[in-house]
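If you read the sequence shown in this note's numbering, its first letter stands for residue 10, the second for the next number, and so on. In this text, a Cβ means the ideal position worked out from N, Cα and C, and glycines have one as well. Computed from a predicted structure; not experimentally measured.
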Amino acid sequence: MGQGQRRAGHAGLEPVRVPSAADEVADRLLTAIALGEFSVGERLPPERELAEQLGVSRPTVRIAVGRLREIGCLEVVRGRSGGHYVRTGWRAESADAVRRTLMPKWERVHTLQDTRCLIESLIARTAAERCGADEATDIRTALAAYESASEPAEVRSTSAGLHEAIARAAHNEPLAVYSRQLLQEITAGFPIEPYSGNLTERSLAEHRALAEAVLAGEAERAARIAREHFTITGENLRAILERSTAEPDSAS
Numbered sequence: 010m011g012q013g014q015r016r017a018g019h020a021g022l023e024p025v026r027v028p029s030a031a032d033e034v035a036d037r038l039l040t041a042i043a044l045g046e047f048s049v050g051e052r053l054p055p056e057r058e059l060a061e062q063l064g065v066s067r068p069t070v071r072i073a074v075g076r077l078r079e080i081g082c083l084e085v086v087r088g089r090s091g092g093h094y095v096r097t098g099w100r101a102e103s104a105d106a107v108r109r110t111l112m113p114k115w116e117r118v119h120t121l122q123d124t125r126c127l128i129e130s131l132i133a134r135t136a137a138e139r140c141g142a143d144e145a146t147d148i149r150t151a152l153a154a155y156e157s158a159s160e161p162a163e164v165r166s167t168s169a170g171l172h173e174a175i176a177r178a179a180h181n182e183p184l185a186v187y188s189r190q191l192l193q194e195i196t197a198g199f200p201i202e203p204y205s206g207n208l209t210e211r212s213l214a215e216h217r218a219l220a221e222a223v224l225a226g227e228a229e230r231a232a233r234i235a236r237e238h239f240t241i242t243g244e245n246l247r248a249i250l251e252r253s254t255a256e257p258d259s260a261s
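The following block contains the structure:
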């Protein structure tokens, strides 16, 4: 077969694009921002920390962050509090990034989300059974900080603080570690709970009820509340994925 015939035989075929590590990190960052893991106006973690969380090199993170800066998603702020700050939330490129990040692993995400609800239920039950005076004080302090939080980043941080206080009351560090690992794998690779403003009131009520059940030693009630409460993460992921599939490709 001649060279011309070989070319003709491949007519209409296009090269397969293999995404680079920097492509994948850029997609994960865009997805994390779309999920609300990083809010508009919030500074991204340092390059070193992002590299550790995502298991890639710092140059890879640097390239990915540069791409988000080029499309206007991030901006650089100089000075003592400088760094890369989120400039915009959902944007034209977000739908493609969310689909590429979440769709290939969606079945596993669904399974791991179920696992996480079971683990968190066990943590809450055990905390209610084992909570001592010091842990009770920590839980009350963490709940008060959460209730007074207003900005999305602060809400996420204090929410995490409350759950960490409850996990400490269970006196079982491996359970707490597994919980964080599950969250990191379920989302875009960051151990950060996705924040969704439309679920704020529900989250507030459930946080209060969970803390009260643990403090009262009501193990069954604490387990039930936790199992239901942690479905919020899956609901957020599903909503953002549905939004991404409802929007056209950014290239079209």
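### Query
Would you say A174 and A41 are within 8 Å of each other, going by their C-beta atoms?
As a working note, residue 174 is residue 165 in the sequence shown. As a working note, residue 41 is residue 32 in the sequence shown. Not closer than 8 Å, so no.
### Query
What first and last residue would you give for the alpha helix (DSSP H) that runs through E138?
Position 129 of the sequence shown, counted from the start, is the residue given in the question as residue 138. W115 to R139 is the extent of the alpha helix (DSSP H) around E138.
### Task
Work out the CA separation of I128 and G170 for me, nearest whole Å.
Counting from one through the sequence shown, the residue named residue 170 turns up at place 161. Counting from one through the sequence shown, the residue named residue 128 turns up at place 119. Roughly 17 Å separates the two Cα atoms.
### Query
Roughly how many angstroms separate the alpha carbons of A232 and L111, rounded to a whole number?
In the sequence shown, counting from the first residue as 1, residue 232 sits at position 223. In the sequence shown, counting from the first residue as 1, residue 111 sits at position 102. One C-alpha to the other measures close to 28 Å.
### Query
Which same chain residues, not among the five before or five after E47, have their C-beta less than 7 Å away from its C-beta?
Along the sequence shown, one-based indexing puts residue 47 at 38. The amino acid at residue 47 is misidentified as Glu; the sequence shows Phe. Same-chain partners within the cutoff: A41, L53 and V95.
### Query
Is the Cβ-Cβ distance between I234 and A222 less than 8 Å?
Walking along the sequence shown from the start, residue 234 turns up at place 225. Walking along the sequence shown from the start, residue 222 turns up at place 213. Yes.
### Query
Got a sec? Which residues, its chain only, sit under 8 Å from R71 by beta carbon, not counting five neighbours each side?
In the sequence shown, counting from the first residue as 1, residue 71 sits at position 62. The residues are E56.
### Query
If you count every other CB in all the chains shown that lies within 10 Å of the CB of E182, and 16 or more means buried, which is it?
Residue numbering aside, residue 182 sits at position 173 when the sequence shown is read from its first letter. It is exposed - the Cβ of E182 has fewer than 16 other Cβ atoms within 10 Å.
#### Entry: Simplified DSSP assignment, three categories, for E256
Taking the first residue of the sequence shown as position 1, residue 256 is located at position 247. In the structure shown, E256 sits in coil (DSSP, three-state: anything other than H, G, I, E or B).
### Task
Quick one: give me the first and last residue of the alpha helix (DSSP H) that G92 is part of.
Here residue 92 is taken as the residue at index 83 of the sequence shown, counted from 1. Taken as a continuous stretch (DSSP letters only), G92 belongs to no alpha helix (DSSP H), being part of the beta strand (DSSP E) at G92 to V95.
### Message
Please classify E156 as buried or exposed, where buried requires at least 16 other C-beta atoms within 10 Å of its C-beta.
### Response
Counting from one through the sequence shown, the residue named residue 156 turns up at place 147. Exposed, by the Cβ-count rule.
### Query
When burial is assigned at 16 or more other CB atoms within 10 Å of the CB, is A255 buried or exposed?
Within the sequence shown, residue 255 is the residue found at index 246, counting from 1. It counts as exposed.
### Task
Go to V86, then tell me how far its beta strand (DSSP E) extends in each direction, as first and last residue.
As a position in the sequence shown, residue 86 is number 77, starting the count at 1. L83 to V86 is the span of the beta strand (DSSP E), which, as asked, contains V86.
#### Entry: Other residues of its chain near A31: CB distance less than 6 Å, five sequence neighbours each side excluded
Here residue 31 is taken as the residue at index 22 of the sequence shown, counted from 1. Cβ within range, chain order: T69, I72 and A73.
### Query
Among S253, C82 and E244, which one has its Cα closest to the Cα of E123?
Here residue 123 corresponds to residue number 114 of the sequence shown, with the count starting at 1. One point to set straight first is that residue 123 is Asp, not Glu, in the sequence displayed. It is E244 whose Cα lies nearest to the Cα of D123.
### Query
What's the call for A179, buried or exposed, on a 16-neighbour Cβ count within 10 Å?
Here the question's residue 179 lines up with position 170 in the sequence shown. It is buried - the Cβ of A179 has at least 16 other Cβ atoms within 10 Å.
### Task
Going by DSSP, name the residue or residues bridged to R52.
Your numbering for residue 52 matches position 43 in the sequence shown. Partner(s): Y94.
### Message
Tell me the rounded alpha-carbon separation between S168 and P113.
### Response
Indexing the sequence shown from 1 puts residue 168 at position 159. Indexing the sequence shown from 1 puts residue 113 at position 104. So the alpha carbons of these two residues sit roughly 29 Å apart.
### Query
Where does N181 fall in DSSP's three states?
As a working mapping, residue 181 is identified with position 172 in the sequence shown. The answer is coil: DSSP assigns N181 none of H, G, I, E or B.
### Message
With distance defined between alpha-carbon atoms, name the residue in P161, R67 and R139 nearest to E227.
### Response
As a first step, residue 227 must be located in the sequence shown, where it is residue number 218. Nearest of P161, R67 and R139 to E227, Cα basis: R139.
### Query
Could you give the residue range of the alpha helix (DSSP H) that holds R230?
Your numbering for residue 230 matches position 221 in the sequence shown. R230 -> alpha helix (DSSP H) spans A228 to H238.
### Task
Measure how close the beta-carbons of L121 and L44 come, nearest whole angstrom, since I'm counting them as under 8 Å.
For this step, residue 121 is matched to residue 112 along the sequence shown. For this step, residue 44 is matched to residue 35 along the sequence shown. Going by Cβ atoms, the distance from L121 to L44 rounds to 15 Å, so no, they are not a contact pair.
### Query
Taking C-beta to C-beta, are L152 and P203 nearer than 8 Å?
The sequence position of residue 152 within the sequence shown is 143, counting from 1. The sequence position of residue 203 within the sequence shown is 194, counting from 1. No, the Cβ-Cβ distance between L152 and P203 is not below 8 Å.
### Query
For E144, which residues of its own chain have a beta-carbon under 8 Å away from its beta-carbon, when the five flanking residues on both sides are left out?
Indexing the sequence shown from 1 puts residue 144 at position 135. Within the same chain, E144 has close Cβ partners A136, A174, R177 and A178.
#### Entry: Own chain, CB closer than 8 Å to R211, minus 5 neighbours either side, in chain order
Here the question's residue 211 lines up with position 202 in the sequence shown. These residues qualify, in order along the chain: I241.
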